[in-house]
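Peer 1:
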Amino acid sequence: MTIVEMLESARETIDRMTVFELRDAVDRGAVVIDIRPQAQRAVEGTLPGALAIERNVLEWRLDPTSDARLAIATDHDVEWIVICSEGYTSSLAAASLKLLGLHKATDLVGGYQALKSAGLLGVLTQAKHCVREAEAVAAH
Numbered sequence: 000m001t002i003v004e005m006l007e008s009a010r011e012t013i014d015r016m017t018v019f020e021l022r023d024a025v026d027r028g029a030v031v032i033d034i035r036p037q038a039q040r041a042v043e044g045t046l047p048g049a050l051a052i053e054r055n056v057l058e059w060r061l062d063p064t065s066d067a068r069l070a071i072a073t074d075h076d077v078e079w080i081v082i083c084s085e086g087y088t089s090s091l092a093a094a095s096l097k098l099l100g101l102h103k104a105t106d107l108v109g110g111y112q113a114l115k116s117a118g119l120l121g122v123l124t125q126a127k128h129c130v131r132e133a134e135a136v137a138a139h
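Residues 0 to 139 (numbering that gives the first Met the number 0) make up the sequence shown, in order.
#1: Given 8 Å as the limit, is there contact between the segment 3-19 and the segment 52-63, that is, 3 or more CB pairs closer than that?
#2: Is the beta carbon of Gly110 closer than 7 Å to that of Ile71?
#3: What number of angstroms, rounded off, separates the C-alpha of His75 from the C-alpha of Lys103?
#4: Starting from Val122 and walking both ways along the beta strand (DSSP E), at which residues does that stretch end?
#5: Counting C-beta neighbours from all protein chains within 10 Å, is the total for Leu98 16 or more, i.e. buried, or is it exposed?
#6: Sort out for me which residues DSSP pairs Asp74 with in a bridge.
#7: Looking at the structure shown, is Ala138 part of a helix, part of a strand, or coil, going by DSSP?
#8: Could you check the C-alpha separation between Ala24 and Thr105 for me, to the nearest Å?
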């Protein structure tokens with residue numbers, strides 16, 4: 000299997016979200032996860048209100064059965080929206096979360112760059128649960 004085939008296979012398992020659907024998802028309680036490495040976030044910019052969880056620990060932090068899980072990872076019904084820079088790595092990550100039984104996991108088409116281009120980087124700052132969780136993770 001090639002990486003292109005792997006990406007296509009991953010995307011067959013998730014219902015990807017567009018930037019224009021993100022506000023409604025956050026309004027209903029979805030949690031946005033920014034999986035870009037810290038060095039990339041430093042260059043491209045942060046996503047206020049998103050939880051910054053690097054890709055290498057994502058499953059450990061979101062699996063409700065993991066000893067290393069975040070407090071918000073309470074069960075398999077949390078709606079996780081994974082964001083990377085352009086929407087490729089996030090598709091693979093969301094598919095991996097689905098394999099863990101996190102059936103509401105998805106990713107954002109175009110990733111951070113699409114949000115930035117649409118002028119929607121502040122979309123998460125209006126949701127109290129996003130800001131609260133981001134502050135809790137930053138405190139650790």
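Beta carbons: idealized from backbone N, C-alpha and C, even for Gly.
Peer 2: Taking the geometry as given:
#1: no
#2: no
#3: 8 Å
#4: Careful: Val122 lies outside any beta strand (DSSP E) and carries neither H nor E.
#5: exposed
#6: None, per the DSSP bridge assignment.
#7: With a pLDDT of 45 at Ala138, under the threshold of 50, the modelled position of that residue is not reliable, and no figure is offered here.
#8: 11 Å
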